[in-house]
Amino acid sequence: MGLRVLCIVSILPPYPGGAAVCFGNILQELAHGHEDDLESVVVLTEKGCLRDYGGAVRVHDRLFRYDSTGLNNRSFFKQLLNYLIILFYILFARKEMVHIHARYVYARYIGRVVWLALLVTRAKVVVDIRDRFYTNFGFGHNFLVCSRELEEFYGWIGKKEFLPIPMSFPELRKDIEMGHRVAYIGAIVENKGVIELLDGYAQYLKESKDPLELHIWGQNTLGGRFEEKARMCGAVYHGAAAPGEVFDRILESKAVILPSSSEGMPRVLLETICCKRAFICHSSVKSLASLLPEGFVLKEITPREIKRAFFEVEAHKGEVCCQYDLLSHSRALVASGLIGFYKRVLSKEWKQKERYSIKLTE
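The numbering of the sequence shown is this note's numbering, which starts it at 2 and goes up by one.
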């Protein structure tokens, strides 16, 4: 008999976003080729998510839309109902393993209720952390982090492991030419530095003689304030990019910018490396920032620093080749590592003082 797993995530494809694509990739891999390891994987997520994964994976899209919709359409009451549904699944799903996205454990009060429910359930628990926002308790459960930087950042958490984010790298189109533009591809939220990006771009436009265009793709949670500011500073907002078009949008650009200091391992920057394009990121993403010329690394998230980085990109010529091991993000490799982690958590081998490193080579 294989493992019985409950996976709780906010969004999956066709909704955009790094978390959606990440969990979609891992579920596609778990659905096929792991019949001996998995009896069932029940996925609780928001309405409208893709359900047809097949194999052992069963998607229950019973949560009201919250993360998958804009700020104006979010309802506190519906999100409260979502937490009640999540608590019901945790307590009564009768699974051996509960794998939950840490965003449901973030909230100061209801997050601690979820943490407590996870503690009293008979199942083993894995809390999946993908950014720098987790401030709840660091004991009682097992934790996954998606980068070495997060492993270091969450040094106060006891039982944790690093598992790379799973990636799919399609064949790139050869008919797309690099444009004189910079792209931002990601959620439009306060903590991503989007407002600072627009302010910095406005300053850059005033001083540049050959200005780069700024094109923005992402789900807008800031409403009219963002769209008006984008128009005023000359940026072009396209709405959310479908997962299948992200590589094309990167190829059209001279560089991709991510002015955020809260990232774990930004998927869009790995996709940019695959496309051999330049990128601008904050110094907190050490494993990627170390691959860049110093001028492409943001030391702080300020308009002045972003303006400086735009001038660096403007002066840069040609493609960028980064020596980064993209194969470590193979879906098959990550899925095998995840199942191995589940098995160790369920076995008596997993102890507070012991640390296991997931093997990334076959």
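A virtual CB, placed ideally from N, CA and C, is assigned to each residue, including glycine.
Would you kindly report the start and end of the unbroken alpha helix (DSSP H) that includes residue i?
i      : result
Thr273 : 268–275
Lys287 : 287–290
Asn143 : Unbroken run through Asn143 is the beta strand (DSSP E), 143–146; no alpha helix (DSSP H).
Ala118 : 111–121
How about residue i and residue j: do their beta carbons lie closer than 8 Å?
i      : j      : result
Leu198 : Pro294 : no
Ser288 : Leu299 : no
Leu164 : Phe24  : no
Ala124 : Met98  : yes
Leu31  : Val60  : no
Ile177 : Gly219 : no
Tyr67  : Lys48  : no
Val127 : Asn143 : yes
Arg332 : Met179 : no
Leu72  : Leu292 : no
Ile166 : Met266 : yes
Pro14  : Val22  : yes
Could you give the first and the last residue of the continuous beta strand (DSSP E) run that contains residue i?
i      : result
Glu40  : 39–47
Val214 : According to the sequence provided, residue 214 is Glu. The question's Val does not apply to it. Counting along the chain, the beta strand (DSSP E) containing Glu214 begins and ends at 214–218.
Ala256 : 256–259
Would you report the Cα separation of residue i and residue j, rounded to the nearest angstrom?
i      : j      : result
Val10  : Asp211 : 44 Å
Val121 : Arg63  : 23 Å
Ile196 : Phe248 : 24 Å
Glu253 : Lys318 : 15 Å
Thr46  : Ala94  : 14 Å
Cys282 : Arg250 : 18 Å
Leu151 : Cys275 : 22 Å
Glu208 : Lys344 : 57 Å
Pro244 : Ala20  : 11 Å
Tyr325 : Ile258 : 18 Å
Ser358 : Ile302 : Only weak support is given to the placement of Ser358: the predicted model assigns it a pLDDT of 43, under 50, and the value that follows is read from those uncertain coordinates. Going by the C-alpha atoms only, they are around 33 Å apart.
Leu215 : Ala188 : 16 Å
Ser263 : His33  : 33 Å
Cys234 : Val286 : 28 Å
Just confirm the distance between the C-beta atoms of residue i and residue j, as a whole number of angstroms; I'd bet it's less than 8 Å.
i      : j      : result
Tyr107 : Phe134 : 6 Å
His239 : Ile217 : 7 Å
Leu4   : Asp38  : 6 Å
Phe297 : Ala316 : With a Cβ gap of about 11 Å, Phe297 and Ala316 do not count as contacting.
Tyr84  : Ile111 : 5 Å
Arg278 : Val321 : 6 Å
What are the start and end residues of each continuous beta strand (DSSP E) run of 3 or more residues lying completely inside the stretch 127–183, in chain order? 143–146, 161–163
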